[in-house]
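Everything in the sequence shown is counted per the numbering used here, starting at 250 for the first residue and increasing by one.
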Amino acid sequence: MTSKWNSPKFLFWRNIVFFWIAGLANNYAYVIMLSAAEDILAKQDHTAIKADEACSPVLLKRKCSATAVGFILLADIVPTFCIKIIWPFLKFAERIPYGTRHAMIIASQVLAYMLVAFSTSDVMSYAGVIFAALGSGFGEINFLALGSFYPKSTVSAWSSGTGAAGLIGSLSYAGLTDAGLSPSAACLVMLIIPIIFSIAYWFILAKPPSLHQVTLSNISTWLVPKDSTKSYNNSIESSTTYDQKTMLQRNLSFKDKIKVTVPLLKFMIPLSLVYFFEYTINQGAMSLIVFDCSHGFNLSKASQYRWFQALYQLGVFIARSSLVILTLPVWSLYLLPVIQMANLAFFINEAIFEFVPHIAILMAIIIFEGLLGGLSYVNTFDKIHKLSADDVREFAMSIGTLATNMPYYEGGPIEFGANERPKLNEAAEKKRSDEDAKKKRLDE
Numbered sequence: 250m251t252s253k254w255n256s257p258k259f260l261f262w263r264n265i266v267f268f269w270i271a272g273l274a275n276n277y278a279y280v281i282m283l284s285a286a287e288d289i290l291a292k293q294d295h296t297a298i299k300a301d302e303a304c305s306p307v308l309l310k311r312k313c314s315a316t317a318v319g320f321i322l323l324a325d326i327v328p329t330f331c332i333k334i335i336w337p338f339l340k341f342a343e344r345i346p347y348g349t350r351h352a353m354i355i356a357s358q359v360l361a362y363m364l365v366a367f368s369t370s371d372v373m374s375y376a377g378v379i380f381a382a383l384g385s386g387f388g389e390i391n392f393l394a395l396g397s398f399y400p401k402s403t404v405s406a407w408s409s410g411t412g413a414a415g416l417i418g419s420l421s422y423a424g425l426t427d428a429g430l431s432p433s434a435a436c437l438v439m440l441i442i443p444i445i446f447s448i449a450y451w452f453i454l455a456k457p458p459s460l461h462q463v464t465l466s467n468i469s470t471w472l473v474p475k476d477s478t479k480s481y482n483n484s485i486e487s488s489t490t491y492d493q494k495t496m497l498q499r500n501l502s503f504k505d506k507i508k509v510t511v512p513l514l515k516f517m518i519p520l521s522l523v524y525f526f527e528y529t530i531n532q533g534a535m536s537l538i539v540f541d542c543s544h545g546f547n548l549s550k551a552s553q554y555r556w557f558q559a560l561y562q563l564g565v566f567i568a569r570s571s572l573v574i575l576t577l578p579v580w581s582l583y584l585l586p587v588i589q590m591a592n593l594a595f596f597i598n599e600a601i602f603e604f605v606p607h608i609a610i611l612m613a614i615i616i617f618e619g620l621l622g623g624l625s626y627v628n629t630f631d632k633i634h635k636l637s638a639d640d641v642r643e644f645a646m647s648i649g650t651l652a653t654n655m656p657y658y659e660g661g662p663i664e665f666g667a668n669e670r671p672k673l674n675e676a677a678e679k680k681r682s683d684e685d686a687k688k689k690r691l692d693e
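Below, the structure written as structure tokens:
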């Protein structure tokens with residue numbers, strides 16, 4: 250059994266399975282915090298308005314509550330951006346091996362779930378969200394960088410796993426709370442995810458001999474020796490990894506890292522624009538769109554929004570899992586943000602003028618929105634992995650993740666929510682008033 254477990258075929262699939270689980274588990278806490286944003290606030294605010302339990306036969310003006318949820322979004326996104334822009338440039342980071350980094354990620358996730366579950370104040374809730382964001386951002390940096398030591402198929406597996414995190418995470422939280430569990434209890438149930446994540450790293454992943462091996466029971470292995478930040482690990486025999494050339498990474502100065510980063514901007518900027526438009530749609534315009542009973546499958550306002558988010562995640566998951574059958578050319582990466590910008594214009598106009606006749610049409614467009622985002626993500630990192638030089642690929646994959654957390658992401662949705670929601674509500678209300686007046690004149 251041991252020889253079969255370490256055979257080349259098994260090693261290949263062990264690594265694919267690990268990177269898929271890593272993508273799922275790493276992004277899971279991040280998704281849960283976004284899904285639970287309003288519940289996190291409601292836990293501290295006993296006067297918070299509960300979600301509508303029935304569909305609305307007539308559309309009414311929606312009450313805006315973007316500011317508080319906006320703080321949750323800030324706590325979820327800003328720490329991720331900070332860790333992604335700082336960590337790749339830290340010289341000391343080279344001395345922290347992947348095993349130690351993984352333990353740090355697991356600790357962040359566990360702490361996040363515990364803080365939110367047992368929170369007694371807004372500060373504790375925000376702290377939990379921040380730890381979830383730090384763990385997710387740190388994980389994305391490190392596991393995409395770890396993929397530089399493996400074939401590019403691991404990028405596809407990772408991307409598919411992150412797509413699954415969005416879909417499974419949002420549905421599992423909704424399912425647990427709809428089944429009667431409190432948000433706190435649901436967060437405690439989610440502690441199974443870090444456990445699965447740990448098992449996957451320590452028992453499923455086959456580490457290449459060029460990586461420093463960490464033994465949890467041996468503290469001296471928790472740091473890479475100063476004289477060899479990329480030393481071979483003699484405790485792992487070559488038979489424990491599948492046959493691939495070793496990719497020792499070059500020690501890069503700050504100037505070298507800037508030189509590596511600049512050519513990557515042609516991939517990072519289009520991806521960052523796609524994410525900007527997505528965030529503004531999902532946390533801004535989409536939350537204003539609601540259909541009445543006859544045109545909304547008899548879904549309540551809250552249920553409609555949850556379905557919008559779940560269908561978006563479905564599109565992301567499908568697209569991020571598509572690399573094995575569809576690889577986009579480089580030029581198409583510049584087309585995706587243009588199409589996503591058109592989607593944003595569509596959603597803003599729908600929020601104002603309500604011209605879509607039925608929710609089913611909007612649901613199809615939301616899946617399309619998710620497909621665009623997923624395609625942009627998986628193909629961007631596929632190109633970075635493929636086109637980066639072997640000896641700098643680890644850094645290139647790390648810094649590339651910055652594109653998914655540019656600082657204006659939180660600014661866009663929150664500014665849209667704080668400044669534009671009242672305007673959109675006012676415009677929609679005026680449109681309804683005009684229609685009612687016109688109908689009244691016709692009746693007379």
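Here a beta-carbon is modelled for each residue, glycine too, at the ideal position from N, C-alpha and C.
Within the same chain, 365, 422, 432, 435, 436 come within 8 Å of residue 285 by CB-CB distance, once the 5 residues on both sides are set aside. Of 420, 327, 523, the smallest CA-CA separation from residue 376 is found for 327. When the Cα atoms are used, residue 279 and residue 325 turn out to be separated by approximately 7 Å.
DSSP, reduced to helix, strand and coil, places residue 285 outside both helices and strands of the structure shown, so it counts as coil.
When secondary structure is reduced to three states using DSSP, residue 367 falls in the coil class, being assigned neither helix nor strand.
The C-beta separation of residue 523 from residue 447 comes to about 32 Å, leaving the pair out of contact by the 8 Å criterion.
Using a Cβ-Cβ distance cut-off of 8 Å, the stretch 464-478 and the stretch 345-360 are in contact, since at least three pairs of beta carbons, one from each stretch, lie closer than that value.
Considered as a whole, the stretch 543-604 harbours 550-569, 581-602 as its complete alpha helix (DSSP H) runs of no fewer than 4 residues, in chain order. For residue 507, the closest C-alpha among the options 572, 339, 262, 322 is that of 339. Collapsing the DSSP output to three states places residue 461 in coil. Of the candidates 574, 449, 650, the residue whose Cα lies closest to the Cα of residue 520 is 650. Inter-residue distance for residue 551 and residue 618 is about 20 Å (C-alpha atoms, whole angstroms).
Using a 10 angstroms sphere on the CB of residue 351, the tally of other CB atoms reaches 16 or more, which defines it as buried. If you look at residue 344, you'll find it isn't in any alpha helix (DSSP H); DSSP assigns it neither H nor E. By the CB criterion at 8 Å, residue 641 and residue 568 fall outside the cutoff.
When 406, 586, 256, 452 are compared, the shortest CA-CA separation from residue 621 is found for 586.
The beta-carbon distance between residue 413 and residue 268, rounded to whole angstroms, is 12 Å. This is too long to meet the 8 Å contact definition.
Annotated as proximal: residue 559 and residue 420, with beta-carbon spacing under 8 Å. Spanning the alpha carbons of residue 623 and residue 565 requires a straight line of approximately 4 Å. Taking each of 397, 527, 355, 445 in turn and checking the Cα distance to residue 381, the smallest one comes out for 355. For residue 414, the secondary structure class from DSSP, reduced to helix, strand or coil, is helix. In the three-state DSSP reduction, residue 443 falls in the helix class (H, G or I).
Under the 10 Å beta carbon count, residue 263 is surrounded by 16 or more other beta carbons and is classified as buried.
Short of 7 Å from the beta carbon of residue 373, and not among the five residues preceding or following it, lie these beta carbons of its own chain, in chain order: 364. In this structure, the alpha-carbon of residue 645 lies about 42 Å from that of residue 427. Inter-residue distance for residue 463 and residue 332 is about 23 Å (C-alpha atoms, whole angstroms).
For residue 399, no alpha helix (DSSP H) segment is defined, and its DSSP state is neither H nor E. The way I'd put it, the stretch 391-403 doesn't touch the stretch 534-546; fewer than three beta-carbon pairs between them come closer than 8 Å. Where residue 513 is concerned, the enclosing alpha helix (DSSP H) starts and stops at 503-532. By the C-beta density criterion, residue 634 is buried, having at least 16 other C-beta atoms within 10 angstroms.
In this structure, the straight-line span from the alpha carbon of residue 557 to that of residue 636 is close to 36 Å. Shortest Cα-Cα distance from residue 440 to any of 361, 402, 415, 387 involves 361. By the criterion of a C-beta distance shorter than 7 Å, residue 536 is surrounded in its chain by 554, once the five residues flanking it on both sides are discounted. Annotated three-state conformation of residue 351 is helix, per DSSP.
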